[in-house]
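Comments concern the structure below.
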Amino acid sequence: MADAESEVEDSYLIPTHLRQQDLYGPLPARSVHVEGAMALLTAGPLMISHHNPLLAAPALLAVLPFAWPVDPPAEHGLAHLGRFVVGRKRLRTAELEKHELARAKDGLVMSGTRKECRAILRVPTINMEVASEARKRLARKQWGSLLDTYGRPLQIVIPGRPASTLPFITKLRQNKERPEAWDLASFLGWQLHYEHLIERDRLVVVPGKDPDEVRANVKDLTAALAQIGLKPDLISQDEDLVQTLAYCWGARGNSTTGLPGEIRVHSDSLEVDGAWARAYVMGKLPPSVTTNWLARLIDGDVPADVALDMEPVGLDALKIRLGIKQNQLMASRQTAEVQVALRQITSLLMAFTLRSVLPYKLRVTLVVRGDGREELLDNARQLEQRVKHIGGRAKILRWEQLAGVRQVIPIRPLPLPQRDHLVETGTLARATPLAQATLQLSGGVPFGKAGAAPCSWTVWHRLNPNKHAGWFAHSGGGKTFSAETYLSREYLAHGRRVFGVDQDEHREWSGRFTMYLGGRAPKIERLADLDKFAYRPDDGCVMFDLHACRPDDLPEVLRTIRTLTKAHLLAYPAETFMVFDEAVRVAEAAPDVLAEVFTRWRHFRVSGQALTQRVSDWFDTAVGRRVQGSCSTRWYGGQEPEEIEDVAKKARWSKEERDKIDGAGIGQGLLITAGKRVWVDLFQQISTTEFATFNTDADERARDDPVGAVGARAVNKPATSTKRWKVYRQGEEVA
């Protein structure tokens, strides 16, 4: 029981009462000061000269709004109302270029004020959804230490927009030969539109007074981020900077300056190139938080742009201000709120004196968008609700919409007055703004969704030292379903070859999968059958059907396939997947084949793919452990109940990961690749045609009706390149 309790993270209290007004009895000090000043300056002389107390009432009532202790104060709103009334309500390109001075030049964003400029870094993310408590503590410590040591202003912009397209879809549409590619492209386009998936980026803005200072800051920050495994990419091309600025503005059409073509200003919203936007600030922070407390906003299901502006505060001056505030509150009426504020001030002064934390000003700006006003209002209601769920409060920037939207542009504009919160690095460390529940690697293929965003990855990513992968789940856990989905998409979009051996009597690989890709599936029952086989130069998919192979011949058959494949790879080099279904059987029959492929064939640009449902047996073999160590990518689906504890220990899952896997459904699993760990859901995330091809239940239907059930062919008849798999219309019933 003690162990279970130790796994629960304690809430961390945020100093939210530092703006607590000091009191004169039951009255706020501001009310007493304002009304008292009005009485002395105006109402008092009127009462004395005319001897009528009622004459003072209009003057006292006139300043009542300014006496009310609101945050920000009434004069702030009055000033911005005046600016809004006299300001322009429609800004076109010429006016915007005069109003917005930031421009991309020499790999930096020049602010337009003296020599001040900004650099923009694109930063990878870490996954907190399946992280253990130890991993969360490490993430907090790393991010907090980075803020303590860097000690300069930072802006983090997280644009969140509905995913509308993927580079992968364009790749598919370039495949003119196979209708399966066009079918998949159509499905993915439909899915992005109707599933409301959200794509997000993490942009870190590094400001400076001149280019030399910015480059020095970038160097320091890049080194600090690299030390915690988040090496950033500097956006250094002017064209890329312009596109980034235009994307964050929400500009439509080609922009040469990064600005939209037209902005219409309303009191509570903007129209940016015909689309609507509304800006909020976090007016109130939650009173207590745990790690990743901003997840509902920066990684949730509402498409919103979020900007976090963090500025260090001078320690000596702040301690003086806190001391004055402490004296004022000690002289006030001791209400519960005042006592909490005093306790927080005392704790902060002690922490600042010991330098266990450092003070920061935090500003959180939120922008929601919509193609129409109704969509905007719907997204705005959802955002307000999400902020309320975490214990905060979103305040609309009435009459300040243009300035509010500028806060989510990666140029770090002048901060909005009266909108910051005094926090310390403990609060910022628990915000973990670089956390994300999904995974989106450059050059990756779509693979279900993680959180509220599409997941895309590839074994060929530069962060994978070895390009091999292992797929582990019990029978019916979706390992073949998931692996076939991934490999077929790699083949259709990028033309990466898929070779392998299939020993399963259901012929999941050498049957429907091979036909779907238009490949060949030679049936090998004895060693002599390989004498009739030869690879062709244009072979894209070859699956050797070994389900009826004689047991005595199996070892030599596997070795001969290795020899033939190796010769073909040397003659026709290209990125190739080598699939070993039922990898434990291969390890038992010819362990040297697995060992060579997974330890040496990376030089031939080969990615070995090992699949097994006997996970404990796999870890118990020497070659299994050796192969496992060579797999930079691993996918773990549901496990047998009697094996899960043993597998969890050997695979080093966290408690959260083990619990997720214990309840995994078909196509759900833990994906580990490129040094990232993410929970991926592939269920109902594939096209109708893919489902008909990869769903293993179709094998049972085909055995009952081998001609017409799933593809107008007998399931035991080898696929050839002259046949094609049926392409279904989306939503069509699979026979």
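Numbered per my numbering, the sequence shown spans residues 1347 to 2081. Ideal Cβ positions, reconstructed from N, Cα and C, are used throughout, including at glycine. The model shown is predicted, which means the values in this text are computed figures rather than measured ones.
Identify which residue in the options has its Cα closest to the Cα of residue i.
i	options	result
Ala1485	Ile1472, Thr1495, Tyr1593	Ile1472
Thr1459	Met1384, Val1751, Asp1529, Ile1757	Ile1757
Arg1524	Ser1613, Leu1838, Asp1556	Leu1838
Leu1410	Ala1383, Ala1425, Val1432	Ala1383
Asp1875	Glu2002, Val1903, Val1432, Ala1815	Val1903
Gly2011	Gly1772, Ala1819, Leu1722	Ala1819
Leu1512	Arg1498, Pro1800, Pro1415, Val1503	Pro1800
Phe2040	Gly1824, Ser1953, Phe1965, Arg1948	Gly1824
Thr1681	Pro1374, Ile1504, Gly1970, Ser1510	Pro1374
Met1861	Ala2038, Ala1440, Glu1942, Glu1381	Ala2038
His1914	Ile1666, Pro1499, Trp1947, Val1932	Trp1947
Pro1361	Gln1501, Lys1517, Asn1600, Leu1768	Leu1768
Thr1945	Ser1962, Gln1959, Gln1974, Ala1920	Gln1974
Glu1608	Arg1438, Leu1591, Pro1404	Arg1438
His1807	Glu1921, Phe1533, Ile1466, Arg1972	Glu1921
Mind checking who residue i pairs with in its DSSP beta bridge?
i	result
Pro1800	Lys1795
Val1618	Ile1609, Ala1621
Cys1887	Val1844
Arg1507	Glu1545
Val1551	Ile1466, Gln1501
Phe1926	Val1847, Ala1956
Glu1770	Pro1705
Gln2014	Asp2027
Gly1535	Note: Gly1535 sits in no beta bridge, so no partner.
Ser1634	Leu1359
Ile1742	Tyr1626
Phe1879	The partner list for Phe1879 (beta bridge, DSSP) is empty, contrary to what the question assumes.
Cys1977	His1814
Lys1869	Asp1891
Please state if the CB of residue j and the CB of residue i are separated by a distance shorter than 8 Å.
i	j	result
Trp2025	Val1476	yes
Trp1803	Leu1787	yes
Asp1645	Val1754	no
Ser1615	Ala1623	yes
Ala1740	Val1733	yes
Phe1430	Glu1421	no
Leu1957	Asp1927	yes
Pro1557	Leu1454	yes
Thr2034	Ser1978	no
Trp1817	Trp1999	no
Ala1641	Val1503	no
Thr1911	Met1924	yes
His1814	Gly2015	no
Got a sec? Which residues, its chain only, sit under 6 Å from residue i by beta carbon, not counting five neighbours each side?
i	result
Pro1632	Ile1736, Gly1737, Gly1738
Arg1896	Arg1872
Arg1610	Arg1436, Glu1617
Met1456	Arg1449, Cys1463
Thr1322	Because the chain here runs from 1347 to 2081, residue 1322 falls outside it and cannot be looked at.
Ala1531	Ile1515, Leu1518, Arg1519
Pro1658	Gly1497, Tyr1706
Val1930	Thr1958, Arg1960, Asp1963, Trp1964
Val1844	Leu1833, Tyr1837, Cys1887, Phe1923
Gly1629	Arg1739, Lys1741
Give me, in chain order, the residues of the same chain whose beta-carbon lies closer than 8 Å to that of residue i; leave out the 5 immediate sequence neighbours on both sides.
i	result
Leu1916	Phe1950
Ser1357	Ser1634, Val1635, Thr1636
Glu2046	Reliability fails at Glu2046, whose pLDDT of 47 lies under 50, so the model's placement of it is uncertain and the value that follows must be treated cautiously. None.
Arg1776	Tyr1358, Arg1486, Val1635, Thr1636, Thr1637, Asn1638, Trp1639
Leu1762	Val1627, Arg1709, Thr1711, Leu1743, Glu1746, Ala1749, Gly1750, Gln1753
Asp1584	Ala1450, Lys1451, Asp1452, Gly1453
Leu1723	Gly1716
Whose C-beta lies closer than 7 Å to the C-beta of residue i among residues of the same chain, with five residues either side of it excluded?
i	result
Asp1891	Asp1848, Arg1853, Ser1856, Ala1867, Pro1868, Lys1869, Ile1870, Pro2064
Val1751	Leu1616, Ala1623, Ala1625, Val1713
Val1686	His1363
Pro1759	Arg1752, Gln1753
His1542	Pro1508
Gly1575	Gly2021
### contact_flag[the segment 1861 to 1876, the segment 1535 to 1549] where n(CB pairs < 8 Å) is 3 or more
In short, these stretches do not touch, since the Cβ pair count stays below three.
### the segment 1709 to 1724 in contact with the segment 1563 to 1581 per 3-pair CB rule at 8 Å
Between the segment 1709 to 1724 and the segment 1563 to 1581, the count of Cβ pairs shorter than 8 Å is below three; the stretches do not touch.
### Task
Pair every Cβ in the segment 1554 to 1568 with every Cβ in the segment 1425 to 1440, then say whether three or more of these pairs are closer than 8 Å.
With a cut-off of 8 Å, the segment 1425 to 1440 and the segment 1554 to 1568 do not count as touching, because too few Cβ pairs lie within range.
### At least three beta-carbon pairs within less than 8 Å, the segment 1485 to 1502 to the segment 1585 to 1598
Judged by Cβ distances under 8 Å, the segment 1485 to 1502 makes no contact with the segment 1585 to 1598, as fewer than three pairs qualify.
### Message
Three Cβ pairs or more, each shorter than 8 Å: is that satisfied between the segment 1958 to 1976 and the segment 1928 to 1948?
### Response
The segment 1958 to 1976 vs the segment 1928 to 1948: in contact.
### Query
Any contact of the segment 1663 to 1673 with the segment 1516 to 1523, i.e. 3+ C-beta pairs under 8 Å?
In short, these stretches do not touch, since the Cβ pair count stays below three.
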